[in-house]
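Chemist: Counting with the UniProt record's numbering, you get residues 3 to 309 for the letters of the sequence shown.
Note that CB positions come from ideal geometry on N, CA and C, so glycine has one too.
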Amino acid sequence: SVPTLKLANGKEIPQIGLGTWQSQPGEVEKAVSYALKDAGYRHIDCAFAYGNEKEVGDGIKQSGVPREEIFITSKIWGTWHNRVEEQLKITLERLGTDYLDLLLVHWPIAMNPEGNHPFFPMLPTGKRDILYDWELRKTWEQFEAVYEKGLVKAIGVSNCSQLKLEEEILPFAKIKPMVNQLEIHPYNPQHNLVKWLKSQDIVVEAFSPLGSTDAPLLKDDVITEIANKLGVSPAEVLIGWGVGNGIVVLPKSVNPDRISSNFRFAKLDSSDMEKINGLAAAGKQKRLIKPPWSMVKLGFEDWFQVD
Ligand code: A2P
């Protein structure tokens with residue numbers, strides 16, 4: 003069975019969860035239902051911005067698995083930083099539940115709801131899309147409020163560097179973020195950030211743990227060599243690396259065989275862990291997911307630092 007980690011408030015989080023980014027409405031219902039009912043998952047990672055929460059909710063319902071057995075995460079999108087509870091209520095309605103297990107700030111950046119690209123600003127055309135003057139502490143205060151109301155059982159952030167946390171959230175937080183969800187896989191291991199987060203009792207979650215769509219990682223020589231040696235798939239090695247590192251992994255799939263496969267993970271010895279830990283340092287460092295609005299900089303320079 004899948005191990006759990008303890009959040010700072012004592013709540014347990016299963017170390018493998020189903021990712022739902024890029025899972026299309028029409029296929030995601032079945033994927034979620036299969037993951038819960040047939041594959042044994044008890045953790046689903048969602049977001050308002052993925053545009054499929056209604057269908058994810060349908061899948062949860064179809065699975066017949068009792069709500070209290072499932073760990074459900076969602077995220078507040080940039081255009082809702084001044085209306086956290088309002089977006090949360092829409093998300094709860096779509097997911098068909100009256101509470102979340104975890105609510106995250108999707109990106110540490112507030113966007114103008116009336117900007118040029120109000121929902122998903124792939125190509126910001128002007129500064130007014132980004133609310134440069136918005137203070138993240140104001141977002142976080144609303145997170146603390148919905149946590150205190152019991153609408154969410156844990157709160158955290160996503161895509162936050164150490165600098166962002168140290169300068170814009172931690173000094174003001176009454177309740178510290180319990181989680182930081184990041185792009186983590188062997189080509190972007192963020193060793194220093196992960197180490198620091200653990201020292202702060204902030205649980206690390208990995209999105210795109212397999213390297214996202216058409217990942218070169220699944221064909222990497224070191225990964226496939228270890229997979230062949232152990233008689234498992236490359237994906238099982240990648241998930242095993244994350245689980246072994248004490249982080250939460252969120253592999254996305256809509257294919258039943260791969261959903262089942264991703265619930266298994268290789269148990270790696272320290273020499274294999276070390277080999278994989280060294281991949282990025284060996285020149286393969288690559289961040290696969292870039293904030294789409296990166297071209298406007300946004301004080302994201304620290305985010306692009308590689309460790
Ligand atoms: P699909 O949904 O068709 O399975 P990540 O979680 O890193 O974002 O990776 C997800 C991508 O990898 C998706 O394109 C997904 O496609 C594919 N994928 C998911 N699980 C596996 C697996 N076990 N082996 C190979 N590819 C996978």
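1) My output table needs one value for Asn230: the three-state DSSP class, helix, strand or coil.
2) If you check the beta carbons only, do Ser210 and His187 fall under 8 Å apart?
3) Along the chain, where does the beta strand (DSSP E) containing Gly158 start, and where does it finish?
4) Find the nearest neighbour of Cys48 within the set Ile111, Trp79, Leu212 and Lys39, judged by alpha-carbon distance.
5) Are there 16 or more other CB atoms within 10 angstroms of the CB of Ser273, so buried, or fewer, so exposed?
6) Whole angstroms are fine: how far does the CA of Val181 sit from the CA of Ile18?
7) Per DSSP, which one or two residues make a beta bridge with Lys8?
8) Are at least three pairs of beta-carbons, each pair with one atom in the stretch 196–204 and one in the stretch 232–239, less than 8 Å apart?
9) Let me check understanding here. Comparing Cα to Cα, which of Leu281, Leu199 and Glu185 lies closest to Pro253?
10) Who does Thr75 pair with in a DSSP beta bridge?
11) Is it the case that the CB of Pro253 approaches a heavy atom of the ligand A2P more closely than 7 Å?
12) Taking only heavy atoms of the ligand A2P into account, decide whether any of them is closer than 7 Å to the Cβ of Pro258.
13) Can you name, in chain order, every residue of its own chain whose Cβ lies under 6 Å from the Cβ of Ser262, other than the five neighbours on each side?
14) Using 8 Å for Cβ pairs, my map puts Tyr189 next to Lys288. What's the rounded Cβ distance?
15) Hey, how far is the Cα of residue 2 from the Cα of Asp271?
16) Mind checking Asn54: buried by the 16 CB within 10 Å criterion, or exposed?
17) Would you kindly check if the distance between the Cβ of His45 and the Cβ of Pro5 is under 8 Å?
18) What's the call for His193, buried or exposed, on a 16-neighbour Cβ count within 10 Å?
19) Using the DSSP secondary-structure output, state which residues sit across from Val205 in a beta bridge.
20) What beta strand (DSSP E) runs, 3 residues minimum, are completely inside the stretch 239–288?
21) Between Asp100 and Leu94, what straight-line distance do the alpha-carbon atoms span, to the nearest angstrom?
22) Do Phe145 and Thr86 count as a contact pair if the criterion is CB distance below 8 Å?
23) What's the gap between the Cα of Tyr52 and the Cα of Val34?
24) Are the CB atoms of His83 and Ser160 within a distance shorter than 8 Å?
25) For the alpha helix (DSSP H) containing Phe145, list its first residue and its last residue.
26) Return the first residue and the last residue of the alpha helix (DSSP H) that Lys63 is part of.
27) So Thr93 is in the alpha helix (DSSP H); what residue range does that whole segment cover?
28) For Lys178 and Arg139, I'd like the C-alpha separation in whole angstroms.
29) If contacts are defined as beta-carbon pairs under 8 Å, then Ser76 and Leu105 qualify, I think. What distance do you get, rounded to the angstrom?
Modeler: In terms of the structure at hand:
1) Looking at Asn230 - three-state DSSP - the assignment turns out to be helix.
2) Yes, the Cβ-Cβ distance between Ser210 and His187 is below 8 Å.
3) Annotation for Gly158: the continuous beta strand (DSSP E) segment containing it runs Ile157 to Ser160.
4) Closest option to Cys48, Cα to Cα, is Trp79.
5) By the 10 Å Cβ count, Ser273 comes out exposed.
6) Counting only the Cα atoms, Val181 lies some 15 Å from Ile18.
7) DSSP lists Glu14 as partners of Lys8.
8) Because the criterion of three Cβ pairs below 8 Å is not met, the stretch 196–204 and the stretch 232–239 do not touch.
9) Comparing Cα-Cα distances from Pro253 to each of Leu281, Leu199 and Glu185, the minimum goes to Glu185.
10) Asp47 and Leu104.
11) Judged by the Cβ position, Pro253 qualifies as a neighbour of the ligand A2P at the 7 Å threshold, a heavy atom of the ligand being closer than this.
12) For the ligand A2P, not one heavy atom lies less than 7 Å from the Cβ of Pro258.
13) Excluding sequence neighbours, Ser262 sits near Ala41.
14) Going by Cβ atoms, the distance from Tyr189 to Lys288 rounds to 5 Å, so yes, they are a contact pair.
15) Since the first residue shown for the chain is 3 and the last is 309, residue 2 is missing from the structure and cannot be characterised.
16) With 16 or more Cβ atoms within 10 Å of its Cβ, Asn54 is classed as buried.
17) One thing to note: Pro5 has its Cβ no nearer than 8 Å to the Cβ of His45.
18) Around the CB of His193, fewer than 16 other CB atoms lie within 10 Å, so the residue is classed as exposed.
19) In the DSSP output, where bridge partners are listed per residue, Val205 has Val181.
20) Counting only runs of 3 or more, we get 250–252.
21) About 6 Å.
22) Checking the sequence shown, residue 86 turns out to be Val, not Thr. A contact, by the Cβ cut-off of 8 Å.
23) In this structure, the alpha-carbon of Tyr52 lies about 14 Å from that of Val34.
24) Taking 8 Å as the cut-off, the beta carbon of Ser160 is found no closer than this to the beta carbon of His83.
25) Here the alpha helix (DSSP H) through Phe145 covers Leu138 to Glu150.
26) Start and end: Glu55 to Ser65.
27) Note, Thr93: alpha helix (DSSP H), Val86 to Leu97.
28) Cα-Cα distance, rounded: 11 Å.
29) Right, their Cβ atoms sit about 6 Å apart.
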